[in-house]
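Below is one structure; the comments refer to it alone.
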Amino acid sequence: KILDSTSEEFYIISLETFRYLYTNSTALSNLALEQEEIFLKHPYEIKEGMSKEEFFKLIDPLLKDEVERLEFECLHKRKDGMLYPVQLLYTKMEWNGMPVILSVGRNVAEKKYTENLIKEKQELLSSVFDLVQVGICILDREGNIKEYNQKFKTIFSENEDVNFKSFHQFAGLSGTRKKRFYHLLFTKDTMSNKKPLKVKTLKGNNIWIDIKATSITYSDGRKYRLLAIIDVSQQKISERNIKNLLNVEQSSRKMLSTIINASPDWIYIKDLEFRYLRVNDSFARDMHLNPDDILGRSDIQIGFHENIVFGDDEREIKGFREEDLEVLKGKTIHNSSVEVIDKNGKVRIFDTYKYPLFSDEQVIGIVGISRDITERRKEEERVKDLLKKEIALNEFKSRFIRMVSHEFRTPLTTIMNSSHLIKSYGNRLDDEKKEKYFKYIEDAIHNLIGLLDDVILINQSEEDSLNNHPVEMKPVNTIQDIIEKLEISYKTHQILFSVEGDRKTVYSLDDSLFRIIVQNLITNAIKYSPGKKSIEVYLELDKDDILIQVKDYGIGIPQKEYDSLFKSFFRASNVKNISGIGLGLNIVKSCVEKMKGKIWFESKENEGTIFYINIPAYSILL
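Just remember that the numbering used here sits 17 ahead of the position in the sequence shown, which is counted from 1.
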């Protein structure tokens, strides 16, 4: 049942028919197959792009015992035609007295997690003997050693590099003693020495060992003896006999325990009263408790619910607490987003599956597996944000190219036409007409410079590279300087400037950003005020901030377009043939925000608009 609750795929393949004899529920779920369906298939039939010949060629080294295990990656094909990558580990073994291939598969979509599990599985399978603190060797009937593990080598050679050939070679067995030992070893299916056996190591040191032996049959039909040897020289013989009985049940439990505790996921089992019967090391560690302090206690008793992050919806809280009840009804529950506060106060997100634990078709408990997907969620959100930014940037670039290409064409055409007239007919033009054409060229150049300045500013704004460098400056002087220059360029409009407060007050402000804000607002007011209507600029100086108002009596802004006014490239529907690229107010807003200020406006269509700018600043006493 625990294997059915893991994320790995387990298969047992007959070496006689090469059909599946067993699959766990994970494999069936991943393949979207029923048990009866997969039993009718050969392994190569669920592998995309692999023929029967290719499959047998691939596993041929394993079948010929040229390798003990075979690892490879392939694509598994679901019943619905979908494919998913899987890494498979094949090894031969006996199952219910039959030679079979044990296949362990892992979905490799989540690469980092899969690599860790694969590494653990490889280490487990490649050093199966070395995982136990027991010397293990396999002997033929003549006492020749077929295989031995690292612990066996450590016991008898004390880590010297020795090539062991026969058991009696180093165990000090000869003559009658040797014959009796091998007679007992091969006349019974199992053997256990009644008392520790005294032998010598290759260095001549005496040690006491316990030997357990059992009969095993290889796939080729030959019988061998598996010896489990324990060095009991430094321990009580009776304790070692009890703790190190070698049998299939103990080995299976140890293997499962190793797998469970090696997993970074939370794995736990609850009884019908929701009390914990088993937890793995990861769960206990994250709960800041010893496993023994958790067993027999409920979530509330170990304080687990105090760490769960619930929303304000009472149904969410009730639903989470009723999950265990649903599992006890035989249902599998999947909660893809359980938020838990860790010991450092950070919220971690877990993807949780809960399965009913059955015995004789009766639910006897709950098996839970929770995987920390915090980093994966962060990465998903980061990718979503990057995608949104990329889409916005592409849209921005397209609109920018279209708009700027259009706006650059007019002043460039003016420059080209005026220069052509001066060049071709300069000797026929009087000074007044020449001055007029030079003025056209000068105005067009100013327009181009203004467009380029806007381009630079909007690029800095998009890249968040606008800088705020406060300097000592007088807002009154800066605004007056802007107005004087604009009145030269726009002689049709009168700009009225009024100040409330001490006109000589010096503030710490970024003069460049301040100029961009004021100049854009006044220029817009002039541009969208046809005729000779006046523009009113009001400045209010306070100790900790300043307020700027720019008022015009122009075309105004349609109310339905208020929300879009500060967007890049937005132009109101009533601007008609007035030139512009729709960046001015977006630039102003970016500059105001960079100075930690606020901008808002009031407007009525065909009556005019007032823009308000409030900028925090502190005055400097000189």
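Here a beta-carbon is modelled for each residue, glycine too, at the ideal position from N, C-alpha and C. Remember, it's a predicted structure, so these values are computed and weren't measured experimentally.
Asked                                                                                                                                                                               : Found
Skipping 5 residues on each side, what residues in its chain have a beta carbon closer than 7 Å to that of ASP528?                                                                  : VAL488, MET490 and THR495
At 3 residues or longer, what runs of the beta strand (DSSP E) sit wholly inside the segment 60 to 102?                                                                             : 86 to 94
Helix, strand or coil for TYR457 per DSSP?                                                                                                                                          : helix
Please confirm if the segment 344 to 356 is in contact with the segment 370 to 379, defined as three or more CB-CB distances below 8 Å between the two stretches.                   : yes
With burial defined as no fewer than 16 other Cβ atoms inside 10 Å of the residue's Cβ, what is the status of TRP617: buried or exposed?                                            : exposed
Excluding sequence positions up to five away, which residues of its chain have a Cβ less than 6 Å from the Cβ of SER435?                                                            : TYR454, TYR457 and ILE458
With three or more C-beta pairs closer than 8 Å as the rule, is the segment 61 to 72 touching the segment 307 to 315?                                                               : no
Is DSSP giving LYS212 helix, strand or coil here?                                                                                                                                   : coil
Is the distance from the Cβ of ILE118 to the Cβ of ILE30 below 8 Å?                                                                                                                 : yes
Of the residues HIS305, ARG388 and LEU156, which one's Cα is nearest the Cα of ILE366?                                                                                              : ARG388
Indicate the three-state DSSP secondary structure (helix, strand or coil) for LEU219 in the structure shown.                                                                        : coil
So what does DSSP say about GLY152, is it helix, strand or coil?                                                                                                                    : strand
My understanding is that LEU493 touches LEU556, with C-beta atoms under 8 Å, so please give their C-beta distance in whole angstroms.                                               : Leu is not the amino acid found at residue 493; the sequence shown has Val there. Indeed they touch by this definition, with Cβ atoms about 7 Å apart.
What does a CB cutoff of less than 7 Å around TYR199 pick up in its chain, not counting 5 residues either side in sequence?                                                         : GLY160
Kindly list the residues whose CB is nearer than 7 Å to the CB of GLN150, restricted to its own chain and excluding five residues on each side of it in sequence; keep chain order. : LYS168
Who pairs with GLN642 in a beta bridge, going by DSSP?                                                                                                                              : Any property of residue 642 remains undetermined from this structure, which presents the chain solely from 18 to 639.
With 16 other CB atoms within 10 Å as the buried threshold, where does GLN104 fall?                                                                                                 : buried
So which of PHE628, GLU624, LEU48 and GLU397 has the shortest CA-CA distance to LYS615?                                                                                             : PHE628
If you draw a straight line from the C-alpha of TYR439 to the C-alpha of LEU582, how long is it?                                                                                    : Here residue 439 turns out to be Ile, not Tyr, going by the sequence shown. Between ILE439 and LEU582, the C-alpha separation is close to 41 Å.
Going by DSSP in three states, ARG445 sits in which element: helix, strand or coil?                                                                                                 : coil
Given 8 Å as the limit, is there contact between the segment 505 to 516 and the segment 554 to 574, that is, 3 or more CB pairs closer than that?                                   : yes
Have a look at VAL364 and VAL384 and give me their C-alpha separation to the nearest angstrom.                                                                                      : 24 Å
So, for LEU142: in the same chain, excluding its five sequence neighbours on each side, which residues have a beta-carbon less than 7 Å away from its beta-carbon?                  : Residue confidence for LEU142 is low, a pLDDT of 48 falling below 50, so the modelled location carries little weight; the figure read from the coordinates is stated next. Closer than 7 Å at the Cβ level, and outside the excluded window around LEU142, lie ARG86, LEU106 and THR108.
Given a threshold of 16 other Cβ atoms within 10 Å of its Cβ, counted over all protein chains shown, does ALA49 qualify as buried or as exposed?                                    : exposed
Does the segment 296 to 303 come close enough to the segment 391 to 400 to have 3 or more Cβ pairs within less than 8 Å?                                                            : no
Excluding the five sequence neighbours on either side, which residues of its own chain have a C-beta within less than 6 Å of the C-beta of TRP283, listed in chain order?           : SER299, PHE300 and SER387
State the DSSP-derived secondary structure class of ASN494, mapped to helix, strand or coil.                                                                                        : helix
How many angstroms separate the CA atom of VAL296 from the CA atom of VAL400?                                                                                                       : 35 Å
Check THR626 in the structure and name its three-state DSSP category.                                                                                                               : strand
Helix, strand or coil for ALA49, going by three-state DSSP, please let me know.                                                                                                     : coil
Would you list, in sequence order, the uninterrupted alpha helix (DSSP H) runs of no fewer than 4 residues that lie entirely inside the segment 507 to 576?                         : 528 to 544
Tell me where the beta strand (DSSP E) around GLU290 begins and ends.                                                                                                               : From DSSP, GLU290 is part of no beta strand (DSSP E); its letter is neither H nor E.
With DSSP as the reference, identify every bridge partner of LEU342, one or two as the case may be.                                                                                 : Per DSSP, none; premise fails for LEU342.
Are there three or more Cβ pairs, one per stretch, closer than 8 Å when the segment 571 to 578 is compared with the segment 539 to 547?                                             : yes
Would GLN511 be called buried (16 or more neighbouring beta carbons within 10 Å of its own) or exposed?                                                                             : exposed
Helix, strand or coil for ALA230, going by three-state DSSP, please let me know.                                                                                                    : strand
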